[in-house]
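So the sequence shown is numbered by UniProt numbering: it starts at 1 and just counts up by one.
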Amino acid sequence: MLVGKIEIKDELIIGDPCYDLDSLELGRIKDVVPGIYNCSIEYSKEKRVSMIEIKHENILKKASDIYTVENEFWIAVDSGQVGFFDFTFYKNYSDNQKNREREIIYNEICNKTLSRDKYGMNSKYFVSSSGYGDGEYDVCIVRNSDRKVIGILIEFIKEAGDDE
């Protein structure tokens, strides 16, 4: 289900917003096609977030249906939430570690992921709760013919009957 759009300039951070920018638990992607990305979310039968995806707005179908999806790395989740963040936004957020602004943004993110819809966004990030909570999750990357990133998918819960 399409829930909104975010803008990515040239780099992307993927992970739990509880981590600092220099954490090994975050993913950083430098070869992203800049632009507007459509944000989608799917829920399990139990109403938990089962999958989140961003894909460049020029891709009309589900990215994984038309391009090769590569499982590139994993991320760790310690606060039960994960997101896609524009690099500059996350850098500024992370640099404010000892200041009230970071706490305000983090609380805003937590309130969104703890809401009934279990996700939240603004123009620079898309976050959601992470299915069953803390753990490690694979990050699947979709690349165009120039090997630039045009989509990213994180599956938290596989439904019974899904191919493994």
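All C-beta atoms, glycine included, are put in the ideal place defined by N, C-alpha and C.
Three-state secondary structure (DSSP) of Asn111: helix
In chain order, what residues of the same chain have a beta carbon less than 6 Å from the beta carbon of Glu42, not counting five sequence neighbours either side? Ser50, Met51
Drop a sphere of 10 angstroms on the beta-carbon of Lys55, count the other beta-carbons inside from all chains shown, and report buried for 16 or more, exposed for fewer. buried
Beta-bridge pairing of Met121 - partner residues as DSSP gives them: Phe126
Under the assumption that Ile29 contacts Leu12 (Cβ atoms under 8 Å), give the Cβ distance between them as a whole number of angstroms. 5 Å
Would you mind reading off the limits of the alpha helix (DSSP H) that contains Tyr93? 87 to 95
Quick one: is Asn38 buried, meaning 16 or more other Cβ sit within 10 Å of its Cβ, or exposed? buried
Identity of the residue in Leu153, Asn111, Asp31, Ile14 nearest Gly83 by Cα: Ile14
Going by alpha carbons, who is nearest to Arg147 out of Glu25, Ile154, Glu72, Gly27? Glu72
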